[in-house]
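Visitor: Let me begin by handing over the structure; questions about it come next.
Numbering (full-length UniProt numbering), first residue to last: 1 to 210.
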């Protein structure tokens, strides 16, 4: 049985956080470290989850592209997408009113999602919570990484979808999130007076953040 070692490790955001190394062997430890280095720290992740909490009110104007697929599939996918925009629209409106670079990146993630025109994507994700904090954290991490790693591939990821279909959409999202992507370590809060988070040990959780 592999020993669990907890050590401070530098995260994708540039902050140092505690990470538990538990995979067996040298190869397993290397994979653990690679995962840790390619994910956000606990404080940054918590900040994103707080930003995308459900909002009671708010309207975000967005032009939804026409979906493609079989007629019946398009009709079903349209209703599913409409349900998502009703729940995520107030969150997007909340993000739009902020200058926090992390909020700007989160909004770019949602806009990247709603550019998807494949009816089957929306049908396949009919039970998926696209507004969940962990999903938004993962998408922002995708945008921040210098190179893609197979360990982070996800069939419900808008980033992974556009990576296969049209990387230009990812390029546009990265441009919109450039204030965050050019900031190392990542700073959170409204611009220009921004203070970086001080990394703290994560709360009891099965998540692995540094």
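No residue lacks a Cβ here, since even glycine has one placed at the ideal position from N, Cα and C.
(1) Assuming residue 182 is part of the beta strand (DSSP E), what are its boundary residues?
(2) Could you give the DSSP three-state label for residue 56: helix, strand or coil?
(3) Quick check on residue 101: buried or exposed, where buried means 16 or more other Cβ atoms within 10 Å of its Cβ?
(4) For residue 204, which residues of its own chain have a beta-carbon under 6 Å away from its beta-carbon, when the five flanking residues on both sides are left out?
(5) To the nearest angstrom, how far is the alpha carbon of residue 123 from that of residue 67?
(6) Using the rule of at least 16 other Cβ atoms within 10 Å of the residue's Cβ for burial, across every protein chain shown, is residue 84 buried or exposed?
(7) Measuring only the C-alpha atoms, how far is residue 143 from residue 99?
(8) Label residue 81 either buried or exposed according to how many other C-beta atoms from any shown protein chain fall within 10 Å of its C-beta, with 16 as the threshold for buried.
(9) Who pairs with residue 104 in a beta bridge, going by DSSP?
(10) In angstroms with no decimal places, state the Cα-to-Cα distance between residue 9 and residue 61.
(11) Label residue 222 either buried or exposed according to how many other C-beta atoms from any shown protein chain fall within 10 Å of its C-beta, with 16 as the threshold for buried.
(12) Can you look up residue 87 in the DSSP assignment and give me helix, strand or coil?
(13) Does DSSP put residue 71 in a helix, in a strand, or in coil?
(14) Where in the stretch 107 to 156 do unbroken runs of the alpha helix (DSSP H), each at least 4 residues long, occur, reported from the N-terminal end onward?
(15) Answer yes if the stretch 132 to 142 comes into contact with the stretch 48 to 59, meaning at least three C-beta pairs across the two stretches below 8 Å, and no otherwise.
(16) Would you list the residues sitting across from residue 8 in a DSSP beta bridge?
(17) Assign residue 177 to one of three DSSP states: helix, strand, or coil.
(18) For residue 62, name the three-state secondary structure that DSSP assigns.
(19) Grab the span of the alpha helix (DSSP H) containing residue 97 for me, first residue to last.
(20) Report back the beta-carbon spacing between residue 112 and residue 164 to the nearest angstrom; my notes put them in contact at under 8 Å.
(21) Residue 183 to residue 106, Cα distance in whole Å?
Guide: Judging by the given coordinates:
(1) For the purposes of this step, residue 182 is taken as residue 182 along the chain shown, with counting starting at 1. For residue 182, no beta strand (DSSP E) encloses it, and the DSSP letter there is neither H nor E.
(2) For the purposes of this step, residue 56 is identified with residue 56 of the chain shown, where counting begins at 1. Residue 56 falls in the coil class under three-state DSSP.
(3) Numbered from its first residue, the chain shown carries residue 101 at position 101. With 16 or more Cβ atoms within 10 Å of its Cβ, residue 101 is classed as buried.
(4) Position 204 of the chain shown, counting from 1, holds the residue named residue 204. Because the pLDDT at residue 204 is just 38, under 50, the model does not fix this residue reliably, and the value given afterwards should be weighed accordingly. For residue 204, same chain residues with a beta-carbon under 6 Å away, outside a window of 5 residues either side, do not exist.
(5) Numbered from its first residue, the chain shown carries residue 123 at position 123. Numbered from its first residue, the chain shown carries residue 67 at position 67. Going by the C-alpha atoms only, they are around 11 Å apart.
(6) Position 84 of the chain shown, counted from the start, is the residue given in the question as residue 84. Buried is the call here.
(7) Taking the first residue of the chain shown as position 1, residue 143 is located at position 143. Taking the first residue of the chain shown as position 1, residue 99 is located at position 99. Straight-line spacing of the CA atoms in residue 143 and residue 99 works out to 18 Å.
(8) For the purposes of this step, residue 81 is taken as residue 81 along the chain shown, with counting starting at 1. The C-beta of residue 81 has 16 or more other C-beta atoms within 10 Å across all chains shown, which makes the residue buried.
(9) The residue you call residue 104 lines up with position 104 of the chain shown. For residue 104, DSSP assigns no beta-bridge partner whatsoever.
(10) One-based indexing of the chain shown puts residue 9 at position 9. One-based indexing of the chain shown puts residue 61 at position 61. Rounded to the nearest whole angstrom, the C-alpha separation of residue 9 and residue 61 is 41 Å.
(11) Past the boundaries of the shown model lies residue 222; the chain is included only from 1 to 210, so the question cannot be answered.
(12) Within the chain shown, the letter at position 87 stands for residue 87. Residue 87: helix per DSSP, three-state reduction.
(13) To locate residue 71, count along the chain shown from 1; it is residue 71. In the structure shown, residue 71 sits in a helix (DSSP, three-state: H, G or I).
(14) List check, alpha helix (DSSP H) in window: 119 to 124 and 133 to 144.
(15) Contact between the stretch 48 to 59 and the stretch 132 to 142 is present, because at least three Cβ pairs lie under 8 Å.
(16) Counted from its first residue, the chain shown places residue 8 at position 8. Answer by DSSP bridge pairing, in chain order: 18.
(17) Start at 1 with the first residue of the chain shown, and residue 177 comes out as number 177. Residue 177 sits in coil when the DSSP states are folded into three classes, being neither helix nor strand.
(18) Position 62 of the chain shown, counted from the first residue, corresponds to residue 62. In the structure shown, residue 62 adopts coil according to DSSP, grouped into three states.
(19) Your numbering for residue 97 matches position 97 in the chain shown. Unbroken run through residue 97: none, as it is neither H nor E.
(20) Residue 112 sits at position 112 when you count from the first residue of the chain shown. Residue 164 sits at position 164 when you count from the first residue of the chain shown. Between the beta-carbon of residue 112 and that of residue 164 there is about 13 Å, and that puts the pair past the 8 Å contact cut.
(21) Along the chain shown, read from residue 1 onward, the residue named residue 183 stands at position 183. Along the chain shown, read from residue 1 onward, the residue named residue 106 stands at position 106. About 15 Å.
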